[in-house]
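Trainee: One line per chain: the protein sequences are P and B, in this order. For the first sequence, the working numbering assigns the number 1 to the initial residue and increments by one for each residue that follows. For the second sequence, the working numbering assigns the number 1 to the initial residue and increments by one for each residue that follows. Where is the CB? At the ideal position from N, CA and C, for every residue including glycine.
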Amino acid sequence: KQEVTQIPAALSVPEGENLVLNCSFTDSAIYNLQWFRQDPGKGLTSLLLIQSSQREQTSGRLNASLDKSSGRSTLYIAASQPGDSATYLCAVIFRASGGSYIPTFGRGTSLIVHP
Amino acid sequence: NAGVTQTPKFQVLKTGQSMTLQCAQDMNHNSMYWYRQDPGMGLRLIYYSASEGTTDKGEVPNGYNVSRLNKREFSLRLESAAPSQTSVYFCASSESLGAGGYTFGSGTRLTVV
Numbered sequence: 001k002q003e004v005t006q007i008p009a010a011l012s013v014p015e016g017e018n019l020v021l022n023c024s025f026t027d028s029a030i031y032n033l034q035w036f037r038q039d040p041g042k043g044l045t046s047l048l049l050i051q052s053s054q055r056e057q058t059s060g061r062l063n064a065s066l067d068k069s070s071g072r073s074t075l076y077i078a079a080s081q082p083g084d085s086a087t088y089l090c091a092v093i094f095r096a097s098g099g100s101y102i103p104t105f106g107r108g109t110s111l112i113v114h115p
Numbered sequence: 001n002a003g004v005t006q007t008p009k010f011q012v013l014k015t016g017q018s019m020t021l022q023c024a025q026d027m028n029h030n031s032m033y034w035y036r037q038d039p040g041m042g043l044r045l046i047y048y049s050a051s052e053g054t055t056d057k058g059e060v061p062n063g064y065n066v067s068r069l070n071k072r073e074f075s076l077r078l079e080s081a082a083p084s085q086t087s088v089y090f091c092a093s094s095e096s097l098g099a100g101g102y103t104f105g106s107g108t109r110l111t112v113v
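1) Which residues bound the beta strand (DSSP E) around G42/B?
2) Report the residues of the region 43-54 of chain B with a CB closer than 9 Å to any CB of chain P, ordered along the chain.
3) Within 10 angstroms of its Cβ, does R55/P collect 16 or more other Cβ (buried), or is it exposed?
4) Is the distance from the Cβ of Y76/P to the Cβ of S52/P below 7 Å?
5) In angstroms with no decimal places, state the Cα-to-Cα distance between K14/B and G71/P.
6) Between the alpha carbons of R95/P and E3/P, how many angstroms are there, rounded?
7) Mind checking whether Q38/P and T87/P have CB atoms under 7 Å apart?
8) Since L76/B meets chain P, which of its residues come closer than 9 Å, beta carbon to beta carbon?
9) Check the Cβ of S46/P against every Cβ in chain B and list those closer than 9 Å, keeping chain order.
10) CA-CA distance, A9/P and T109/P?
11) Please list, in chain order, the chain B residues whose beta carbon lies closer than 8 Å to that of R107/P.
12) Listing by chain order, which chain B residues have their CB less than 7 Å from the CB of Y31/P?
13) Go ahead and label F10/B buried or exposed: buried means 16 or more other beta carbons lie within 10 angstroms of its beta carbon, across all protein chains shown.
14) Leaving aside the five residues before and after Q37/B along the sequence, list all residues of the same chain whose C-beta is less than 7 Å from its C-beta, in chain order.
15) How would you list, in chain order, the residues of chain B whose beta-carbon sits under 7 Å from the beta-carbon of Q34/P?
16) Is M27/B buried or exposed, if buried means 16 or more other CB atoms sit within 10 Å of its CB?
17) Would you tell me roughly how many angstroms separate the C-alpha atoms of T45/P and N22/P, rounded to the nearest one?
18) Looking at the C-beta of G107/B, does it have a partner C-beta in chain P at a distance below 7 Å?
19) Output, in chain order, the set of chain D residues within a Cβ distance shorter than 9 Å of F90/B.
20) Taking I93/P as the query, report the chain B residues whose CB atoms sit under 7 Å from its CB, ordered along the chain.
21) Would you verify that the beta carbon of L75/P is, or is not, closer than 7 Å to some beta carbon of chain B?
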């Protein structure tokens with residue numbers, strides 16, 4: 001069974017720090033990987049999508065990298081702000097048997113940025 | 001606003017009752033999904049529809065049925081609700097299966113007593 005693991009499960013940091021959130025997966029045969037943010041009681045908001053042929057994607061203070069050979073993706077958040085407080089989820093699209101591409105989610109990293 | 005709309009937002013059912021969760025997207029996406037989210041378990045795929053007219057089981061399909069009514073709408077039905085189905089349910093869509101770029105609805109919080 002393909003699995004997606006996110007470490008750490010929770011993180012509390014002071015405002016201004018640069019952060020690295022990790023996502024690891026058990027099967028290197030991935031199609032793409034997507035990072036999401038979820039605020040309490042809300043749905044998921046897409047942050048970055050990395051295709052399997054790409055090494056990284058950037059959006060503002062966010063940078064996501066992908067290393068298929070080691071089964072890892074990292075989400076880098078520069079100069080963290082209290083508004084970044086949320087749960088960050090990683091979703092990996094594996095190529096399942098029969099050619100179906102099924103998204104598998106990690107359990108997320110709960111981030112608190114305090115002033 | 002373009003996106004995925006889920007109804008209802010909250011629901012309380014008694015054990016054994018049935019209900020249908022509705023989902024509609026207006027982005028002309030081909031693929032749609034139903035997930036449940038439970039504390040400590042993360043998001044788990046219940047059913048998905050790669051395109052209009054097709055549906056497939058995900059990781060946790062037992063106790064649920066789905067209907068892809070048309071390209072826009074994908075409903076989830078609980079025929080006989082059980083307390084174990086207490087959860088937050090999310091509908092999502094994407095341009096095609098595996099394309100990524102998922103858009104999620106705001107969720108339905110379901111409690112079965």
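Mentor: Taking the coordinates as given:
1) 42-49
2) L43, R44, L45, Y48, A50
3) exposed
4) no
5) 44 Å
6) 13 Å
7) yes
8) Ordered by position in chain P, no residue passes the 9 Å Cβ test against L76/B, which lies about 15 Å from the chain.
9) G100, G101, Y102, T103, F104
10) 5 Å
11) G40, M41, G42
12) G98
13) exposed
14) L43, S87, V88, F90
15) G100, Y102
16) exposed
17) 18 Å
18) yes
19) No chain D is part of this structure, whose protein chains are labelled P and B.
20) G98, G100
21) no
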